[in-house]
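Worksheet: the structure to be examined is printed underneath.
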């Protein structure tokens, strides 16, 4: 078993393994499939699933209340007509981006370290996008008309407004969910075949067999498979950039000071990757400890994810700096006031908390030892998760609360339903994750076999 | 009999064996591995796949379809006069066009690779071989079908036994 090194010099960092030596194709297969098929379900799984399921029930109750009573249960009012619901939407979509980045972009960049984390990162993307997709539906005043956003042959003869980013969002998020699902499922097929072959009971064998579609590992099938996987990665890469760009357009095409800014697309995408990697770390660090996967998700993976977080955090910091600079340089009285209000207005405390969580605390990642220390990395990832939520809140609510005319100003605060839906969505996410790790291999078995083989060939 | 299948315990042995079998003149072969092995498909004589063409076609369909959907809906079917602005506001049609390009291309990639591979195919004769269970774990296999013109029950068996395999098994149809 591997022990966590406590002192690490710069040279030793480079020698961190991608996979602990001593593993064979058989040991990898057995270890990962055992979590699903043969080991007894650990007690923490029942506790975690139970608690998150309770939150899911809370979420369902709140959604029913919202549809029955109305969207006024949220704290929204004119001028702040977009509150927690949209903040949560953007937050969850942003979190989903890291999964696609790890799966698709790191594949195109031939980064081998993606292989042990891409399966559950892609699953995280799917669940995050599912949670995100809830919010545009439940924040509608008349959610039963949500289908009007799609171009269907309407008997009323009306069609969606294709010049609106809100309609672009519909297509972008739907496409993102579908493509992520296809990519994730395609990656699962060979592993489902492994589970089918190793399952003991008749029912699991049948279910995995049907899902694996008769995959037998034929070399010709693998050839086409790899080609399709690569093409999907190539498609998913511009997709992930475009999705959060379209989400940023929800704000950028409006006139509100603090929203109408050309920096929004790259700023949002970088922020999305930042919060996404933070969530991947938040999930990976406990999972590797609880399931004994330190051999596969090594300190090198944690270090690399920490570095990506640091880099994207610096881009986000640059975004904040530029917003402040634009506000002053523009000479526009409304822009200037927007920035002063953000920093020193009634929500000013939130802005400084945001700077603390998003910029100051993650600077610890410059220190090499921090990047390979799981507990500290975990705490930093939580800090970034909170910070990115606060950032979306500052952008959405604070900008709306004070725009052009003082007569139009108004305050906003979240109601109990707002907080319950946020907690419920987190519960839904965690619940889906627990289900995933129970029934599917959370690490890509066939890619790990390929990795072991490559390391063997390299060392020969 | 459907064919004969030989078991190997490392991918290099399988690739070598596949080359030798191809050199012997066998054409109706297949190789099985628990992860993609470089050079294996080529050793079996397989070089080109139509997957990229399918994806490209899907992408083009999505692009044209997406744009013309919006054009038809915004210009012909339900035009909205907003300050006399041009109805064919093509820059604002770009995001949806782009998303639909990616969507249809991705759907083509997924269903295309499944269709070309003949999946779902829950039954295949190789599953009748008990050791084949290990093809999804840590063993590598080479199959020569009985339908191959150069197949000869005893001769092919001897050939397979002599190219580094750890066992040769009969595959029932």
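Protein chains in written order, with the working numbering: chain B, 1 to 460; chain U, 1001 to 1173.
Glycine residues also receive a C-beta, built at the ideal position from the N, C-alpha and C atoms.
The structure presented is a predicted model; accordingly, all values stated were derived computationally and were not measured.
Item checked: 8 Å contact criterion, which residue 37 of chain B and residue 113 of chain B should meet: CB distance rounded -> Looking up residue 37 of chain B in the first chain gives position 37. Looking up residue 113 of chain B in the first chain gives position 113. About 27 Å; that fails the 8 Å criterion.
Check: Which residues in the same chain as residue 317 of chain B place their Cβ atom closer than 8 Å to its Cβ, once the five residues preceding and following it in sequence are excluded?
Finding: Numbered from its first residue, the first chain carries residue 317 of chain B at position 317. Hits under 8 Å: 358 and 359.
Next item on the list: Answer with yes or no whether the minimum CB distance from residue 250 of chain B to chain U is below 9 Å.
Entry: Taking the first chain and counting its residues from 1, the one referred to as residue 250 of chain B is at position 250. Not closer than 9 Å to any Cβ of chain U, the Cβ of residue 250 of chain B fails to qualify, so no.
Next item on the list: At 8 Å on the CB atoms, spell out the chain U contacts of residue 225 of chain B, in chain order.
Entry: Taking the first chain and counting its residues from 1, the one referred to as residue 225 of chain B is at position 225. What residue 225 of chain B touches in chain U: 1036, 1113 and 1117.
Checklist line | Length of the line joining the Cα atoms of residue 1110 of chain U and residue 324 of chain B | finding: As a first step, residue 1110 of chain U is located in the second chain; it is residue number 110 there, counting from the start. As a first step, residue 324 of chain B is located in the first chain; it is residue number 324 there, counting from the start. Going from the Cα of residue 1110 of chain U to the Cα of residue 324 of chain B covers about 45 Å.
Next item on the list: Answer with yes or no whether the minimum CB distance from residue 1005 of chain U to chain B is below 9 Å.
Entry: Position 5 of the second chain, counted from the first residue, corresponds to residue 1005 of chain U. For residue 1005 of chain U, the answer is no, since every Cβ of chain B falls outside 9 Å of its Cβ.
Next item on the list: Count the other C-beta atoms from every protein chain shown that fall within 10 angstroms of the C-beta of residue 40 of chain B, then say buried if there are 16 or more, exposed otherwise.
Entry: Taking the first residue of the first chain as 1, we reach residue 40 of chain B at position 40. That one is exposed.
Next item on the list: With a threshold of 16 other CB atoms inside 10 Å of the CB of residue 142 of chain B, please say whether the residue is buried or exposed.
Entry: The sequence position of residue 142 of chain B within the first chain is 142, counting from 1. Residue 142 of chain B should be labelled exposed.
Next item on the list: Could you confirm whether any beta carbon from chain B is found closer than 9 Å to the beta carbon of residue 1049 of chain U?
Entry: What you label residue 1049 of chain U is simply residue 49 of the second chain in a count that begins at 1. Yes, residue 1049 of chain U lies at the interface with chain B (some Cβ there is under 9 Å from its Cβ).
Note to self: Strictly below 7 Å CB to CB, what residues from chain U border residue 163 of chain B?
What the structure shows: Stepping through the first chain from its first residue, residue 163 of chain B is reached at position 163. The contacting residues are 1089 and 1092.
Checklist line | Spatial neighbours of residue 1 of chain B in its chain, beta-carbon cut-off 6 Å, leaving aside the 5 residues before and after | finding: What you label residue 1 of chain B is simply residue 1 of the first chain in a count that begins at 1. Because residue 1 of chain B carries a pLDDT of 44, less than 50, the predicted location of this residue cannot be relied on, and the following value inherits that uncertainty. Same-chain partners within the cutoff: there are none.
Next item on the list: Compute the distance between the beta-carbons of residue 83 of chain B and residue 396 of chain B, then report whether it is under 9 Å.
Entry: For the purposes of this step, residue 83 of chain B is taken as the residue at position 83 of the first chain. For the purposes of this step, residue 396 of chain B is taken as the residue at position 396 of the first chain. Yes, they are a contact pair.
Next item on the list: With DSSP collapsed to three states, give me the class of residue 4 of chain B.
Entry: For this step, residue 4 of chain B is matched to residue 4 along the first chain. Legend: pLDDT at residue 4 of chain B = 48, less than 50; position of this residue unreliable, no value from coordinates given.
Next item on the list: Return helix, strand or coil for residue 1004 of chain U, following the three-state DSSP convention.
Entry: Along the second chain, read from residue 1 onward, the residue named residue 1004 of chain U stands at position 4. Of the three classes helix, strand and coil, the one that applies to residue 1004 of chain U here is strand, per DSSP.
Next item on the list: Over the uninterrupted beta strand (DSSP E) stretch that includes residue 1030 of chain U, give me the two end residues.
Entry: Along the second chain, one-based indexing puts residue 1030 of chain U at 30. It spans 1029-1032 - the beta strand (DSSP E) in which residue 1030 of chain U sits, taken as one unbroken run.
Check: Tell me which same chain residues have a C-beta within less than 8 Å of the C-beta of residue 54 of chain B, skipping the five on either side of it?
Finding: Position 54 of the first chain, counted from the start, is the residue given in the question as residue 54 of chain B. Correct list, in chain order: 427.
Margin query: Can you tell me whether residue 1082 of chain U is helix, strand or coil according to DSSP?
Written below: Stepping through the second chain from its first residue, residue 1082 of chain U is reached at position 82. The answer is coil: DSSP assigns residue 1082 of chain U none of H, G, I, E or B.
Checklist line | Interface positions of the region 183-216 of chain B facing chain U (Cβ-Cβ less than 9 Å), listed along the chain | finding: 183, 185, 186, 189, 190, 191, 193, 194, 195, 196, 197, 198, 209, 210, 212, 213, 214, 215 and 216
Checklist line | Proximity below 9 Å, CB of residue 45 of chain B to CB of residue 436 of chain B | finding: Within the first chain, the letter at position 45 stands for residue 45 of chain B. Within the first chain, the letter at position 436 stands for residue 436 of chain B. Contact flag unset, no.
Notebook entry, point to check: Which of helix, strand or coil does DSSP assign to residue 1144 of chain U?
Noted result: Here residue 1144 of chain U refers to the residue found at position 144 when the second chain is read from its first residue. Residue 1144 of chain U: strand per DSSP, three-state reduction.
Notebook entry, point to check: So is residue 1124 of chain U in contact with chain B if we call contact Cβ pairs under 9 Å?
Noted result: Along the second chain, one-based indexing puts residue 1124 of chain U at 124. So yes, residue 1124 of chain U belongs to the interface.
Notebook entry, point to check: Counting along the chain, where does the alpha helix (DSSP H) carrying residue 337 of chain B start and finish?
Noted result: The count along the first chain starts at 1 and reaches residue 337 of chain B at position 337. Residues 333-344.
Next item on the list: Name, going along the chain, the residues of the region 146-162 of chain B whose beta-carbon falls closer than 8 Å to a beta-carbon of chain U.
Entry: 151, 157, 158, 159, 160, 161 and 162
Note to self: I'd like to know whether the C-beta of residue 1171 of chain U is nearer than 9 Å to at least one C-beta of chain B.
What the structure shows: Counted from its first residue, the second chain places residue 1171 of chain U at position 171. No, residue 1171 of chain U does not count as interfacial toward chain B.
Next item on the list: With 9 Å as the threshold, decide whether the Cβ of residue 1107 of chain U is near any Cβ in chain B.
Entry: The residue you call residue 1107 of chain U lines up with position 107 of the second chain. At least one chain B Cβ lies under 9 Å of residue 1107 of chain U.
Item checked: Residues near residue 1070 of chain U in its chain [Cβ-Cβ closer than 8 Å; skip 5 each side] -> The residue given as residue 1070 of chain U occupies position 70 in the second chain. So the qualifying residues of the chain are 1093, 1096 and 1097.
Check: If the cut is a Cβ gap below 8 Å, which residues of chain B does residue 1121 of chain U touch?
Finding: Taking the second chain and counting its residues from 1, the one referred to as residue 1121 of chain U is at position 121. Those within 8 Å of residue 1121 of chain U in chain B are 213 and 214.
Notebook entry, point to check: Does any CB atom of chain U fall closer than 9 Å to the CB of residue 222 of chain B?
Noted result: Position 222 of the first chain, counted from the first residue, corresponds to residue 222 of chain B. Answer yes: the Cβ-Cβ gap between residue 222 of chain B and chain U drops below 9 Å somewhere.
Check: In whole angstroms, what separates the C-alpha of residue 279 of chain B from that of residue 1017 of chain U?
Finding: Stepping through the first chain from its first residue, residue 279 of chain B is reached at position 279. Stepping through the second chain from its first residue, residue 1017 of chain U is reached at position 17. Each residue's alpha carbon lies about 46 Å from the other.
Next item on the list: Under 8 Å by Cβ, that's how I've got residue 24 of chain B and residue 1117 of chain U pegged, so tell me the actual separation to the nearest angstrom.
Entry: As a first step, residue 24 of chain B is located in the first chain; it is residue number 24 there, counting from the start. As a first step, residue 1117 of chain U is located in the second chain; it is residue number 117 there, counting from the start. Not confirmed; about 28 Å, so no contact.
Check: Thinking C-alpha only, which one of B:307, B:147, B:241 and B:149 is nearest residue 367 of chain B?
Finding: To locate residue 367 of chain B, count along the first chain from 1; it is residue 367. Of B:307, B:147, B:241 and B:149, the residue nearest in Cα terms is B:307.
Notebook entry, point to check: Distance, Cα to Cα, residue 1036 of chain U vs residue 223 of chain B?
Noted result: Working through the second chain from its first residue, we reach residue 1036 of chain U at position 36. Working through the first chain from its first residue, we reach residue 223 of chain B at position 223. Taking the straight line joining both Cα atoms gives about 7 Å.
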